[in-house]
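In my numbering, the protein residues as written are 2 to 628.
So this is what it looks like as structure tokens:
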């Protein structure tokens, strides 16, 4: 009877302690909060302020050195290569190469827990227990929390002698080192871009008073690392000519001179794109560029630069221009009466009359007094442009920095869709100084004989600028490699696990124009999560090499890590090690254009070092990338 009573008491106390432990979902440690989530602990850190890169994690117990720790900002994981951990001082430091967490961002770390034989709950302050949101609140029984004093039978059904009951000490969870797999973990799904376009776009674009530079400022707090921000520049025909990538975390300023724009009218707007191709854009803003060293006044009507036989002339504070050219550009019909030296212009229900030498003008018969009378200059009848433009319903502005008259009959309608943003063809040499374009040129010097080359390119949305670069420079690259070389393209997105539906293979060719045409067929889109299916693309490239005497080379280009089947279950068919074996088996040289640090760099470095290749920084492979 005593034995049964003892066993019953032990079982009851064990259940009671178990309930107490399970209901303890979170504890407060100093200024942080620790949550238990299955087999791991979550610890909140201080909110970001846009400057701080070092965060303290205060805990009532010590995390063992080399315990794998994952860092999140607004629930988006920061790659392991972008931060360091000081276990002795309980701090975590974000690398300078990455923007500091923006103001108001919520930051936390996660680390695994496993059982130990320590016996005392050191990580829980029982007086501050709070359940996780959404969990039922359980009133905790008043029990002693030193678990060493509560024996737990391993097999309560089997009777043991009363004086020596068989018990084991309870196993209490403590953080320890788990098997290390390069800390390669799949990122959390990205938060889709959901900000308004147009007038309500949360950002500003401004030109400085001297007209020499522009500034961009985004008024956002949840800028995800998978969002890419650009300043787009279109010409007067609404064709995209420049795409400038910038860091959205700070106010961004950029000299107009760096764009090498010729005299003319341009539209600037801000655009933000996520990995899945969702985008938002500001209202395009017209910017006149006047490179005339003599500061000759230029006139723009509906964004188009006007060309006059007699240049615009300022008289008595009024800008005069040739009458026929300006009226016709504004859509009016013009008549000239040589006898009376009178100009008559008609548009719709509006009729304007002006006489050379007279300050009296008439709009539909109503007298209007001019500041400056029309006059003959070098045989050309010149009329005041502001008066005639406003009389015909146009808006007129004087841009002092550009010494330009800007006239619009109606607000400009400039598309900001991705379909309208195919970058115009440029002269490769003209843009050399803008993009530090030495990567493909340097790479071309490494080929000593005919080579079959496959460009394996990530074509998710964030790669837009890099794809621009490759398109722009590929002809020069082809001209620089030995004769007899061939070129193919494999494009990949995410995820290519099933039937390679998102993989595109463009056949080998030795025609540089066809190769560039193939590249022009690729349109950056999609992405989903941070990592991409690059290993599947490399495997496809290996399988496509023809059986000939040429050397074999892959040029792999991405801004993100790749899915590895060892760490991304259900998202990849290959591991980095398996692809490495395939490259070696087939004698393929492997070059990579990837970020200078982080997980992508770490993954590709192994392939590059083992397969006689070279690594290049992807920041140097973008046109007009603001650094």
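We put the beta carbon where it would ideally sit given N, CA and C, even for glycine.
In this structure, DSSP gives residue 533 an extended state, which the three-state scheme calls strand. Residue 370 is bridged by DSSP to 361. Within the segment 286-368, the runs of alpha helix (DSSP H) that reach at least 4 residues and sit entirely inside it are, in chain order, 324-330. If you draw a straight line from the Cα of residue 366 to the Cα of residue 352, it is about 8 angstroms long.
For residue 450, no alpha helix (DSSP H) segment is defined, and its DSSP state is neither H nor E. For residue 247, the CB contacts under 8 angstroms within the same chain, skipping 5 residues up- and downstream, are 217, 230, 231, 232, 253, 255, 627 in chain order. The residue from 91, 53, 49 with its alpha-carbon nearest to that of residue 68 is 91. Sequence-distant partners of residue 581 (beyond 5 residues in either direction) whose C-beta falls short of 7 angstroms from its own C-beta, in its chain, are 607, 608, 611. Taking residue 345 as the centre and dropping the five residues before and after it, the same chain places the C-beta of 336, 354 closer than 6 angstroms to its C-beta, in chain order. Comparing alpha-carbon positions, the option among 347, 573, 296 lying closest to residue 325 turns out to be 347. In the structure shown, the three-state DSSP call for residue 582 is helix. In this structure, the straight-line span from the alpha carbon of residue 417 to that of residue 303 is close to 18 angstroms. Beta-bridge analysis with DSSP links residue 569 to no other residue. Straight-line spacing of the CA atoms in residue 585 and residue 548 works out to 16 angstroms. Of the residues assessed, residue 329 falls on the exposed side of the cut-off, its CB having fewer than 16 other CB atoms within 10 angstroms. Taking each of 482, 559, 457, 442 in turn and checking the Cα distance to residue 450, the smallest one comes out for 482. Counting C-beta atoms within 10 angstroms of its own C-beta, residue 89 has fewer than 16 neighbours from the protein chains shown and is therefore classed as exposed. Under the DSSP assignment, residue 391 falls in the alpha helix (DSSP H) whose first and last residues are 386-392. Just so you know, the alpha carbons of residue 342 and residue 405 end up roughly 28 angstroms apart.
Taking each of 199, 321, 235 in turn and checking the Cα distance to residue 371, the smallest one comes out for 321. Cβ neighbours of residue 591 within its own chain (closer than 6 angstroms, five residues either side excluded): 555, 584, 608, 609, 612, 614. Residue range 265-274 is occupied by the beta strand (DSSP E) that includes residue 273. With fewer than 16 other Cβ atoms from the protein chains shown falling within 10 Å of its own Cβ, residue 238 counts as exposed. For residue 228, the secondary structure class from DSSP, reduced to helix, strand or coil, is coil. Residue 289 sits away from residue 379, with the two beta carbons spaced by 8 angstroms or more.
Around residue 368, the same chain offers 361, 362 as residues with beta carbons nearer than 8 angstroms, after the five sequence neighbours per side are excluded.
Leaving aside the five residues that flank residue 505 on each side, the residues in its chain whose CB is nearer than 6 angstroms to its CB run, in chain order, 492. Inter-residue distance for residue 594 and residue 542 is about 16 angstroms (C-alpha atoms, whole angstroms).
Under the Cβ criterion (8 angstroms, minimum of three pairs), the segment 516-526 does not count as touching the segment 555-564. The bridge partners DSSP lists for residue 601 come to none. Looking at the backbone, the Cα of residue 280 and that of residue 70 are separated by about 33 angstroms. In its chain, beyond the 5 residues on either side, 488, 554 have a beta carbon closer than 6 angstroms to the beta carbon of residue 454. As computed with DSSP, residue 618 is found in a beta bridge with 595.
Residue 589 and residue 539 have their C-alpha atoms some 11 angstroms from each other. Taking a cut-off of 8 angstroms on C-beta distances, the segment 48-65 touches the segment 96-106, as three or more cross pairs fall below it. Excluding the 5 residues flanking it on each side, residue 458 has same chain C-beta neighbours closer than 6 angstroms at 492, 558, in chain order.
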